[in-house]
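Contents: one structure, followed by commentary.
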Amino acid sequence: MAFQIQRVVSDGVSLALSRNGAVFAILFFLAESLGVVLVVGVGTTYVPVDVGTGVAAGGDIAAGGDLPQFTAAVASLLAGGFTSVVTTPISIVAIRTFVGGETDGIPDRYLFDRIGRATVSGVAANFLYAALVFVVTFGIGLALVAAVLGVGRLDLLPDAVAGPAMLLLAGVGILLAIALLVTVAVHFLFLLHEISVRHRGVLGAFRGSWDTVRGNRVRVAALAVLLIAVRSSVSSVAAPPIEAPWTTFHLLTTPFAMAFAAIVGVVVTAIFARTYRELRSDLPAEFAAASEE
């Protein structure tokens, strides 16, 4: 069956609006709320902990005071990592459920089948993917800076032309960087799907995700860019203030914004799950036998 964007979007929205979709929206909301509490609390405020060594761990920082910027960044990173570990098994079960087309209940095999191994592989794959994106971004940025500085130092062009030429070079470099990052994102879009559904290991998930989009790269890229842009926009709006002081307005609106972001996240997850199902013809029996609308 040919990959049809309209079909997977319709199926994904229908699944997201089902009873199971509501369950996952609640779970993601609770997990993200826990993450916010950890990041805001651990990442900005010093809480003294007596570990029984007799050594003062807080130095000159008063209890309840602001942490140094570097310490706060490390604490926030650790809290974010903990949140990622918590949300990974939820994402795995959600992917299995939506790929299987279940609407009113979650089969036990989706909940418990190799869930521990899948979670470890999912966290590791996400870490490697983030490292890959960082290396690609850093490499492109370094090459772009070197190219611009090289053009400026070689004095090959008159001053009147050198400035616009460097701006043009920078613009082309940025466009190429965006294109390369989109290419990486599209080819490794289904890492967690490969781990969740086909029980792949970390390296196998990278190979499987690459193979999944083969022959449909342009359409998958168009759908992915749209969905990721929508989800990122909603998440950025819903993100609570970390360093700025909280106001009554933030306390009242943040829960609603995060709830809406969780709903949008479930819709996006369901659409990607149905996309994966459409693209993969060699699913395991428990998924291949599921009925499609």
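Going by the numbering used here, the residue at position 200 of the sequence shown is 1586; the numbering climbs one at a time, nothing skipped.
The beta carbon of each residue, even a glycine, is placed where N, CA and C say it ideally should be.
Since this is a predicted model, take the numbers as computed values, not measurements.
Minimum C-alpha distance to residue i - residue among the options
| i | options | result |
| --- | --- | --- |
| Ala1480 | Arg1503, Tyr1515 and Val1583 | Val1583 |
| Pro1482 | Ile1501, Thr1469 and Ser1470 | This sequence places Arg at residue 1482; Pro is not what is there. Selected option, being the one with the closest Cα: Ile1501. |
| Leu1567 | Leu1554, Leu1518 and Ala1643 | Leu1518 |
| His1573 | Ile1581, Ala1591, Val1399 and Gly1587 | Ala1591 |
| Ile1564 | Asp1597, Leu1530 and His1636 | Leu1530 |
| His1585 | Thr1633, Tyr1496 and Ile1391 | Tyr1496 |
| Gly1587 | Leu1638, Thr1633, Leu1514 and Ile1391 | Leu1514 |
| Arg1600 | Ser1619, Leu1665, Leu1589 and Leu1555 | Leu1665 |
| Arg1503 | Ile1492, Pro1493, Ser1621 and Ile1478 | Ile1478 |
| Ser1622 | Thr1523, Ala1643, Asp1668 and Pro1493 | Ala1643 |
Span separating the alpha-carbon of residue i from that of residue j
| i | j | result |
| --- | --- | --- |
| Val1570 | Glu1418 | 26 Å |
| Val1526 | Asn1602 | Reading the sequence as shown, one finds Ile at residue 1526 and not Val. Rounded to the nearest angstrom, the two C-alpha atoms are 26 Å apart. |
| Ala1408 | Arg1663 | 21 Å |
| Ser1404 | Phe1484 | 10 Å |
| Leu1413 | Leu1562 | 38 Å |
| Arg1393 | Thr1640 | 33 Å |
| Ser1400 | Gly1487 | 10 Å |
| Leu1553 | Val1521 | 24 Å |
| Ala1556 | Leu1612 | 25 Å |
| Leu1589 | Leu1528 | 28 Å |
| Leu1535 | Thr1598 | 40 Å |
| Phe1668 | Val1471 | Note on identity: in this sequence residue 1668 is Asp, with Phe being the wrong assignment. Taking the straight line joining both Cα atoms gives about 29 Å. |
| Phe1673 | Pro1493 | 11 Å |
| Asp1499 | Leu1637 | 39 Å |
| Gly1491 | Ala1532 | 56 Å |
| Val1620 | Ala1610 | 15 Å |
Cβ-based burial, residue i [other Cβ within 10 Å; buried from 16]
| i | result |
| --- | --- |
| Val1558 | exposed |
| Ile1560 | exposed |
| Ser1762 | The question about residue 1762 has no answer, for the chain in this structure spans 1387 to 1679. |
| Ala1516 | exposed |
| Asp1397 | buried |
| Leu1575 | buried |
| Val1423 | exposed |
| Thr1439 | Low confidence applies here, because Thr1439 scores a pLDDT of 39, under 50, leaving its location unreliable; read the following figure in that light. Label assigned to Thr1439: exposed. |
Cutoff 8 Å: residue i Cβ touching any chain C Cβ
| i | result |
| --- | --- |
| Leu1575 | Absent here is chain C; the protein component of the structure consists of one chain. |
Cβ-heavy atom distance, residue i to the ligand ADP, below 7 Å
| i | result |
| --- | --- |
| Ser1507 | This structure simply doesn't include the ligand ADP, nor any ligand for that matter. |
Beta-carbon proximity of residue i to residue j, cut-off 8 Å
| i | j | result |
| --- | --- | --- |
| Leu1654 | Arg1617 | A quick correction: the sequence has Val, not Leu, at residue 1654. Result yes, Cβ atoms of Val1654 and Arg1617 sit closer than 8 Å. |
| Asn1406 | Thr1489 | yes |
| Ala1645 | Phe1415 | yes |
| Leu1420 | Thr1474 | no |
| Leu1578 | Gly1467 | no |
| Val1395 | Ile1657 | yes |
| Ile1581 | Ala1671 | no |
| Ala1648 | Ala1402 | no |
Quick check: the stretch 1649-1669 against the stretch 1594-1612, are at least 3 beta-carbon pairs closer than 8 Å? yes
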